[in-house]
């Protein structure tokens, strides 16, 4: 009896064939899932980037005619409302604009810092595609708190093309970076920019993201700041009407 017949007799060959078949089936399924996920993520990221680019171009045109646009809006407001109400509305608009501007500038600074830290950290770890991954993480970081996690997905699959082990280390590094940004750096910078506490920032992002998705996460912080501003104005006015000083 040769070796092949001996293996057949004890069912070893059949077991190995079944094991190999199961392994290949699972591997194919996981690869298909991973490829589909990577493709959908890439499509979503590209779509979001194109929308951002379109918004940026529109903003440039608006900035070009900023003075004329502001003047026409003021004329319209004073034409519709009483002077006292128009003055209050314009004052609030300036404060809201200051909040949004502070948020965008603060978030831009935060994203540049996170992108730089990512570049330095991955360079020290000798990871591949350092510049590309750092750019992705920096851009997606414009979404408060959860930005690095969103950027982590394409970063992981890009590194996976080079090495699964390196992809794991990139994943771990970005998770740590996200914790640092979400719990310390982001709230600290944005808190100074929009005047909110870290707790309110995190809470507003969770509510905005759960309600309106990615756009809600981005607009949640300045929106919360404006809501707080309106609430403070209402409370102060009511206390003044009741002649109560606190």
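In full-length UniProt numbering, the protein residues as written are 1 to 246. Don't be surprised by glycine CBs; every beta carbon is placed ideally from N, CA and C.
Contact check, residue i vs residue j, beta carbons under 7 angstroms
{"i": "residue 143", "j": "residue 225", "result": "no"}
{"i": "residue 202", "j": "residue 221", "result": "no"}
{"i": "residue 115", "j": "residue 138", "result": "yes"}
{"i": "residue 133", "j": "residue 155", "result": "yes"}
{"i": "residue 129", "j": "residue 105", "result": "no"}
Beta-carbon separation (whole angstroms), residue i vs residue j, contact threshold 8 angstroms
{"i": "residue 90", "j": "residue 77", "result": "7 angstroms"}
{"i": "residue 110", "j": "residue 148", "result": "Contact doesn't hold; Cβ gap of about 11 angstroms is too wide."}
{"i": "residue 195", "j": "residue 208", "result": "The Cβ separation is near 17 angstroms, so there is no contact."}
{"i": "residue 193", "j": "residue 121", "result": "Incorrect: roughly 25 angstroms between the Cβ atoms, too far for contact."}
{"i": "residue 95", "j": "residue 239", "result": "Not confirmed; about 19 angstroms, so no contact."}
Near the ligand ADP: residue i beta-carbon under 6 angstroms from a heavy atom
{"i": "residue 56", "result": "The ligand ADP is not part of this structure, which contains no ligands at all."}
Worksheet item: For the segment 187-206 against the segment 165-177, are there 3 or more C-beta pairs whose distance is under 8 angstroms?
Response: Too few Cβ pairs lie closer than 8 angstroms, so no.
Worksheet item: Are the segment 156-171 and the segment 119-131 touching by the rule of at least three beta carbon pairs closer than 8 angstroms?
Response: Under the 8 angstroms Cβ criterion, the segment 156-171 counts as touching the segment 119-131, having at least three qualifying pairs.
Practice prompt. At 4 residues or longer, and completely inside the segment 132-201: list those alpha helix (DSSP H) runs for me, N to C.
Written response: Here the runs fully enclosed are 147-160, 164-180, 186-194.
Worksheet item: Considering only residues of the segment 66-133, which uninterrupted alpha helix (DSSP H) runs meet the minimum length of 4 residues and lie entirely inside it, listed in chain order?
Response: Given a length threshold of 4 residues, each whole run of the alpha helix (DSSP H) inside the segment 66-133 is given here in chain order: 66-80, 83-124.
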